[in-house]
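A.B. asks: Can you read through this structure? Questions will come right after.
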Amino acid sequence: MSENPYQTYDARILEVKDLTSREKLFTLRFLDPEVGEKFEFRPGQFVIVDIRGFGEFPISICSSPTRKGYLQLCIRKAGRMTKFIHKMKEGDIIGIRGPYGNGFPMEEMEGSNLILVAGGLGMAPLRSVLWYAIDTGKYEHIWLLYGTKAYEDILFRDEIIHLLKHGEAMNCSVKLAYEVESPSCIYLERGFSDRVCRGVVTDLFRGEEFDVEKTYALICGPPVMYKFVIRELLDRKLSPGRIYMTLERRMRCGIGKCGHCIVGTSTSIKYVCKDGPVFTYWDALSTRGLI
């Protein structure tokens with residue numbers, strides 16, 4: 001692959017799947033097999049999607065590096081660009097450049113427990129971590145604590161339900177919290193009364209015990225969620241250096257040149273696209289405006 005960070009590669013849309021009324025899952029494959037073979041990324045990194053003649057936008061990769069031959073992006077219909085791509089079909093061509101950002105330090109965390117705390121759309125980048133950890137088998141145990149608004153808003157619903165049923169065989173414990181009651185949620189709660197509840201994501205910590213010396217927490221969700229989840233983890237004596245967050249800021253260039261995603265002050269400046277989007281809580285304590 002080219003060393004030019006602005007190099008864009010053509011990719012074909014293989015499949016478009018409705019996840020919710022607002023989110024679609026796009027499965028892509030690079031037109032050039034050599035590009036597909038050499039394209040490497042780590043969970044937590046992102047790409048820039050280029051719709052030729054229309055514009056571009058950043059999006060996290062939600063598939064795992066262990067699943068070769070394709071790339072998956074979970075895209076919410078929100079603005080002009082995402083509304084446009086939601087109209088695209090199988091066979092259409094888009095441009096991809098990247099990957100960008102630091103991603104999660106998966107090698108550093110090998111042999112440890114992982115607590116994945118997802119809220120809403122934050123499930124998308126953490127799905128990459130989840131399947132990487134399950135596929136490689138290099139982690140002691142995985143907890144997925146997922147908070148969602150309603151049953152209809154659960155991203156990757158089939159996968160979540162499958163892991164509720166069979167996750168323990170893969171050293172993975174899944175717990176789900178929902179806010180809006182519905183017959184589907186009630187039915188799910190009856191089937192998994194110890195792992196599904198009405199409430200918020202921090203309620204899912206109840207009854208869970210973990211060795212803080214062998215555990216890392218990875219968080220992604222709406223900004224309001226971070227404060228409460230971090231407080232829960234700190235109360236359990238987890239070190240700030242073991243708490244990782246993937247943060248969303250408005251990014252453009254992907255390599256720290258445009259300054260659009262800059263946060264902090266003169267004493268501590270971070271470019272979310274280059275220094276992140278993954279940061280530890282230590283980073284947040286020393287960088288104003290990071291969370």
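With the UniProt record's numbering, the residue at position 288 of the sequence shown is 288, and numbering never jumps. The beta carbon of each residue, even a glycine, is placed where N, CA and C say it ideally should be. All values derive from a computational prediction rather than experimental measurement.
So for M245, helix, strand or coil by DSSP?
C.D. replies: It is a strand residue.
A.B. asks: Kindly indicate the opening and closing residues of the alpha helix (DSSP H) around T136.
C.D. replies: Element bounds for T136: M123 to T136.
A.B. asks: Between P122 and D32, what straight-line distance do the alpha-carbon atoms span, to the nearest angstrom?
C.D. replies: It should be noted that the sequence gives Gly, not Pro, for residue 122. Using only the alpha carbons, I get a separation of about 31 Å.
A.B. asks: Using DSSP bridges, identify the partner residues of residue 311.
C.D. replies: Residue 311 lies beyond the residue range present for the chain, which begins at 1 and ends at 291; the question has no answer from this structure.
A.B. asks: Using a Cβ distance threshold of 8 Å, determine whether the stretch 124-139 contacts the stretch 79-99, with at least three qualifying pairs required.
C.D. replies: Contact between the stretch 124-139 and the stretch 79-99 is absent, because fewer than three Cβ pairs lie under 8 Å.
A.B. asks: Restricting to Cα atoms, I'd like to know which of G207, P58, T66 and I93 is closest to P99.
C.D. replies: Checked all of G207, P58, T66 and I93; the closest Cα to P99 is P58.
A.B. asks: Less than 7 Å between C-beta atoms, sequence neighbours within five positions excluded: which residues of the same chain meet that for Y226?
C.D. replies: So the list reads I219, M245 and I291, once near-sequence residues are dropped.
A.B. asks: Tell me which same chain residues have a C-beta within less than 7 Å of the C-beta of T202, skipping the five on either side of it?
C.D. replies: Taken in chain order, the residues that qualify are F228, V229 and E232.
A.B. asks: What's the gap between the Cα of W131 and the Cα of N171?
C.D. replies: So the two alpha carbons sit approximately 12 Å from each other.
A.B. asks: Find the nearest neighbour of E107 within the set V212, G241 and P43, judged by alpha-carbon distance.
C.D. replies: Of V212, G241 and P43, the residue nearest in Cα terms is P43.
A.B. asks: Report the three-state DSSP secondary structure of D158 (helix, strand or coil).
C.D. replies: D158: helix per DSSP, three-state reduction.
A.B. asks: So, do the stretch 64-73 and the stretch 107-117 have three or more beta carbon pairs nearer to each other than 8 Å?
C.D. replies: Flag = no, the stretch 64-73 and the stretch 107-117 do not touch.
A.B. asks: Could you name the residues that DSSP lists as bridge partners for E15?
C.D. replies: Beta-bridge pairing links E15 to T27.
A.B. asks: Where are the beta strand (DSSP E) runs, 3 residues long or more, that stay fully inside the stretch 160-187, in chain order?
C.D. replies: With a minimum length of 3 residues, the continuous beta strand (DSSP E) runs that stay inside the stretch 160-187 are 172-178.
A.B. asks: Classify F54 as buried or exposed, calling it buried when 16 or more other Cβ atoms lie within 10 Å of its own Cβ.
C.D. replies: F54 should be labelled exposed.
A.B. asks: Just the Cα atoms here: how many angstroms apart are G199 and Y6?
C.D. replies: Distance between the alpha carbons of G199 and Y6: 44 Å.
A.B. asks: Can you tell which of I134, S182 and E213 has the C-alpha that lies nearest to the C-alpha of V174?
C.D. replies: Taking only the C-alpha atoms, the option nearest V174 is I134.
A.B. asks: Note down, in chain order, each residue of its chain lying with its Cβ closer than 6 Å to the Cβ of Y9, except the 5 sequence neighbours on either side.
C.D. replies: These residues qualify, in order along the chain: F30, V35 and I96.
A.B. asks: Do F210 and N102 have their CB atoms nearer than 7 Å?
C.D. replies: No, these two residues do not count as a Cβ contact at 7 Å.
A.B. asks: Could you tell me the boundaries of the beta strand (DSSP E) in which V49 lies?
C.D. replies: F46 to I51 is the span of the beta strand (DSSP E), which, as asked, contains V49.
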